[in-house]
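Here is the structure we will look at, set down as C-alpha cells.
2 protein chains.
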Amino acid sequence: MTSIKDVARDVEMSTATISRALRGLQGVSAETRERVLESAHRLGYVPSPSAAGLASGQTRTVAVIVPRVTQWFFAAIVQGAEEVLRERGYDLLLYNLAGDASARHRVFETSLLTKRVDAVLVLSLKPSVDELQRLSVLGRPVTIIGADMPGWATVRIDDHEAAATATGHLLGLGHTRIGYIGGATEGVLDFTAPSARLTGYRCTLERAGVQHEPDLEADGEFTVSGGLRAGHALLSRADRPTAIFAASDEMAIGALRAARELGLRVPEDVSVIGIDDHEMASYFDLTTVAQPVHEQGRVAATQVLAALTGGDWRPEQVILPTELVVRGSTAAIVPRRARRRGR
Amino acid sequence: MTSIKDVARDVEMSTATISRALRGLQGVSAETRERVLESAHRLGYVPSPSAAGLASGQTRTVAVIVPRVTQWFFAAIVQGAEEVLRERGYDLLLYNLAGDASARHRVFETSLLTKRVDAVLVLSLKPSVDELQRLSVLGRPVTIIGADMPGWATVRIDDHEAAATATGHLLGLGHTRIGYIGGATEGVLDFTAPSARLTGYRCTLERAGVQHEPDLEADGEFTVSGGLRAGHALLSRADRPTAIFAASDEMAIGALRAARELGLRVPEDVSVIGIDDHEMASYFDLTTVAQPVHEQGRVAATQVLAALTGGDWRPEQVILPTELVVRGSTAAIVPRRARRRGR
DNA sequence: GGTCATTGCGGGAGCGCTCCCACTTTCCGG
DNA sequence: CCGGAAAGTGGGAGCGCTCCCGCAATGACC
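Next comes the structure, spelled out in C-alpha cells:
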C-alpha cells in the first residue's frame, strides 16, 4: 500500500506539503500542487480515512438513524441526505432500527457514534430524554428530521397545519362525518408527528363546528396493513364516515383497499385523503397533502454540514411547506339518496 | 476524551492487556477482564474506530452499493444486510447511486473504498469490466446481489426460472397471448436480471408451442410509471394480450393501473403477474413470483462476514428459491364472448 | 537600504490503538 | 526436583496521517 510518504519521497518534499496539496489547502504553490497530484495519481495513492481521522479528529462521515429503510418515506429522506453528503465528500453510515428496540438501544447506548462520525441525522423518531442526553454529550451537530424538538436543530413540516389542510379540504367538500386514521402517539417510533396531526384534525373539525367523535378515530400504525384494518373498522360501521383522513399515504392506501373490499366506491361513497405524496399516491389517484420528503433530507444534511464547517452553529428549526394535491380520491359529498344508489 | 491509556492507568496494567480484555481475546484472566470492563465503563471509555482501524487495518465496516434506496426492493435487501452486520458489530456504509452515473463513477473510481471498508456488497448492478477490475484490486470480499457474475460471489434468484414460472402459470390458465413488460437489458442499472427474465419468458412460450411476438414485449424501466406506460401500450392494442407478465411487481402495479384506466377488469379482461412479492403486492391482489428479498441481504452479509473471519474464502454462488404466489390478479382465460360482456 | 508581512515549505510530535515479542509465573509429568 | 509447556502480562514499535511551529525567501513600503 502506497502511503503519503511514498508520494513525498517521489516529489522530494515533506509529507506536510503532500497533505496540504492533496487536501487543497492554501500555502502550496500551484506548481507544487500539480506535481503532487500527478505523483499521487501515478503511484495510485489512496489516503487512509482511519489515519486522517485519528490525526484530525474528523471522520468525514455522518450517521443517519432511520426507523425503517424499507419505508419509502425514510428511504427518500436518506437519498436526499446522501446526495448532499456525497457532493461534499462525506460518507453516510446507516443505522436502521427496523422496529428493533435493542437495536435502538445499541445505537444510542454504546455511543460508538462518538468517535465514528462527525454529525448525526435522526429521522422521525423522538429520542427519549436519555437518548437526547447521549446525543448532546456527543458534542457534534445533530439534526432531527420530522419531529418537533425545541432546542434542537430540526427539519420538518408543520404537521398540525398539514392535518388542518387535509381536514379542511374534506370539510370544504361538504363532508362532516370524517374518519381519522393515525398512529399511536407513543411507541417504538414515537415521533411527534402523529399527535400533531391528530390535534390538527380535531382542531379543524372543532373550528368548523363539527363535533369530533372518538369512534371515528382509528389506529393505522402508519403502515398499509394497519390502514387496511383501520379502514375496515371505520367503513363497516352502520354510520360510516363519508370521508377518511389518513395521517400518512400508506395508511390511506390501506383505507382505499378497505373501501374496495367492502364494495364502496371512491370517491362516490367515500373520500380518502392522506399526507406525504407517496411515490405511489398518483397511481392510486390519492388526494394528499404533499410534503417535500427528499428535500428534508437535503436540508438536514446541508444543515449539519454547515455546522461542521462554519464555526457558529446554533440549532435552527426549519419548517418546509406542504401543498394540497387534489386527485381523484376526494369529491364533494353526494346527497344520501344518490349515494345509496351506488352501493 | 478518555483513551485506552486512562483505563490502563486506572487498573494499573498495560494498554496491551486492556485492548485484549476489551476485545474479548483469550490470554486474559477472568478477573482481569472483569476489572478492565468495570473500569472502562466507569471512566466512560469509548474506543476509537479510527485508531483501531489504523493499527489493525480493519474497519469493521462494509460498504453497500445500491442503485436507489427508494426502491423497496433495494431497501429491503439493505435492511436484511444491516441486521446481520449489526449483530456482528459491523457498520454499514451506504452508497446510493440514484441513477447518477457520476456518482457511480465516483464510488468505483476514487477507490476510497480501499482503506475504508473491509468488504463490499453490490446490489443488482452489473459492474463493468473496469469496475470489476477495481473491485478485485481491493483485495477484499465482495458479494454481488441479484446479478449473475461467474467467478464472483453472488446471491440471487434464478431469474430465468422465475420468469418461466410466471409465464407457465399464465399458460396453465389458458392464456396464449401473453404480453411482457421488462426493462432495458443495457443501461445505468445494467443488471443481468432483465435479460434472464426475458429469455425465461420467451423460452417458456416457445416450449409451449406459442409463437413469441416482439410486439407484445414492452419496456417498463422497472418502475411503476414505466409499467403504466407499457401497460397502456400493450392493452390499448386491438389485439391486446389476455395476460401480462411484468418482470417486477412495480411494473405490474403500473400495468394494473393501466388496465383500470382503460376500463379493463382484472382478472376478467386481463390477467397480470409480476415478480418480487413487493410489500404492496397483496394490497393490489397481485399474483407474483415471490423472491426472498430480505433474505438475500442477510445471506450476502453473512457471506462476506464469513470471508472476513474464516480464512479460506472462495467465491460462492448462492441461488435462493422463488415461489409462485397466486392472488386475484390472474385467472383462467374467459371465452371471448363472455369476456366482451364485461367491457 | 532596512523593516516587516507574506508565502511556501520542512520537521516532527502526536492521535489511540494493535500486535509482535519477551518475560514471568504457575503447573504438570517424569 | 527439574524441565518445559501453558497462561497471563508488559514493552514498545509502528499504522498513516495532521498540524503546530519554525525557517527561509521574497516582495512591499517608507
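Residue numbers (the working numbering), protein chains in the order written: chain A, 7 to 349; chain B, 7 to 349.
In this text, a Cβ means the ideal position worked out from N, Cα and C, and glycines have one as well.
Nothing here was measured: the structure is a model prediction, and the numbers come from that model.
Residue i (DSSP reduced to helix, strand or coil)
{"i": "Val90(A)", "result": "helix"}
{"i": "Gln64(A)", "result": "coil"}
{"i": "Glu227(B)", "result": "coil"}
{"i": "Gly188(A)", "result": "strand"}
{"i": "Arg208(A)", "result": "helix"}
{"i": "Arg183(B)", "result": "coil"}
{"i": "Ile290(B)", "result": "First, the amino acid is wrong: residue 290(B) is Phe here, not Ile. Helix."}
{"i": "Ala125(B)", "result": "strand"}
{"i": "Ala253(B)", "result": "coil"}
{"i": "Thr160(A)", "result": "strand"}
{"i": "Gly178(B)", "result": "helix"}
{"i": "Gly358(A)", "result": "The structure shown does not extend to residue 358(A), since chain A is modelled only from 7 through 349, so no value can be given for it."}
{"i": "Glu5(B)", "result": "Residue 5(B) cannot be examined here, being either before or after the span of chain B that is shown, 7 to 349."}
{"i": "Arg15(B)", "result": "helix"}
{"i": "Asp165(B)", "result": "helix"}
{"i": "Arg349(A)", "result": "Bear in mind that a pLDDT of 38 at Arg349(A), under 50, signals an unreliable position, so the model cannot answer this."}
{"i": "Asp97(A)", "result": "strand"}
Residue i, buried or exposed, once every other Cβ within 10 Å from all chains shown has been counted against 16
{"i": "Arg146(B)", "result": "buried"}
{"i": "Gly185(A)", "result": "buried"}
{"i": "Met7(A)", "result": "exposed"}
{"i": "Ala307(B)", "result": "buried"}
{"i": "Gly4(A)", "result": "Limits of chain A in this structure are 7 at one end and 349 at the other, which puts residue 4(A) out of reach."}
{"i": "Pro200(A)", "result": "buried"}
{"i": "His111(B)", "result": "exposed"}
{"i": "Gly226(A)", "result": "buried"}
{"i": "Thr67(B)", "result": "buried"}
{"i": "Val276(A)", "result": "buried"}
{"i": "His5(B)", "result": "A question about residue 5(B) goes unanswered here, because the residues of chain B that appear run from 7 up to 349."}
{"i": "Val113(A)", "result": "buried"}
{"i": "Val135(A)", "result": "exposed"}
{"i": "Lys11(A)", "result": "exposed"}
{"i": "Pro156(B)", "result": "exposed"}
{"i": "Glu18(B)", "result": "exposed"}
{"i": "Val148(B)", "result": "buried"}
Partners in chain B for residue i, counting only beta-carbon separations shorter than 9 Å
{"i": "Pro55(A)", "result": "Ser56, Gly59, Thr65, Leu118, Lys121, Arg122"}
{"i": "Gln85(A)", "result": "Arg74, Val75, Thr76, Asn102, Ala104"}
{"i": "Gly260(A)", "result": "Tyr289"}
{"i": "Glu89(A)", "result": "Asn102, Ala104, Asp106, Ala109"}
Listed by chain order, chain B residues near residue i by CB distance under 8 Å
{"i": "Val230(A)", "result": "Glu285, Met286, Tyr289"}
Residue i: contacting residues in chain A (beta-carbon distance under 7 Å)
{"i": "Asp97(B)", "result": "Leu99"}
{"i": "Val148(B)", "result": "Simply none; closest approach about 17 Å."}
{"i": "Ala81(B)", "result": "Val75, Thr76, Ala81"}
{"i": "Arg263(B)", "result": "Tyr289"}
{"i": "Arg333(B)", "result": "None at all; the shortest Cβ gap to chain A is about 13 Å."}
Residue i at chain B interface by Cβ criterion, 7 Å
{"i": "Arg349(A)", "result": "Residue placement at Arg349(A) is flagged as unreliable, the pLDDT there being 38, under the threshold of 50; the coordinate-derived value follows with that caveat. So, not an interface residue."}
{"i": "Asp12(A)", "result": "no"}
{"i": "Val278(A)", "result": "no"}
is_contact[residue i, chain A] using C-beta, thresh 7 Å
{"i": "Arg346(B)", "result": "Because Arg346(B) carries a pLDDT of 46, less than 50, the predicted location of this residue cannot be relied on, and the following value inherits that uncertainty. No, Arg346(B) does not count as interfacial toward chain A."}
Residues that residue i contacts on chain A, provided the C-beta gap is smaller than 9 Å
{"i": "Leu240(B)", "result": "Neighbours of Leu240(B) on chain A: none; closest Cβ ~17 Å, over 9 Å."}
{"i": "Leu234(B)", "result": "Tyr289"}
Heavy atom of the ligand FMN within 6 Å of residue i beta-carbon
{"i": "Leu326(B)", "result": "Summarising the ligand content, the structure contains no ligands, and the ligand FMN is consequently not present."}
Cross-chain neighbours of residue i in chain B, by beta carbon under 7 Å
{"i": "Arg29(A)", "result": "By Cβ distance, chain B contributes nothing, its closest Cβ being about 14 Å from Arg29(A), past 7 Å."}
Of all the residues that make up the segment 32 to 51 of chain A, which are near chain B by a beta-carbon distance shorter than 8 Å? none
Name, going along the chain, the residues of the segment 169 to 180 of chain B whose beta-carbon falls closer than 9 Å to a beta-carbon of chain A. If the cut-off is 9 Å between Cβ atoms, the segment 169 to 180 of chain B has nothing near chain A.
Contact list for the segment 134 to 158 of chain A against chain B, Cβ threshold 7 Å: none
Interface residues of the segment 300 to 315 of chain B facing chain A [CB-CB below 8 Å]: none
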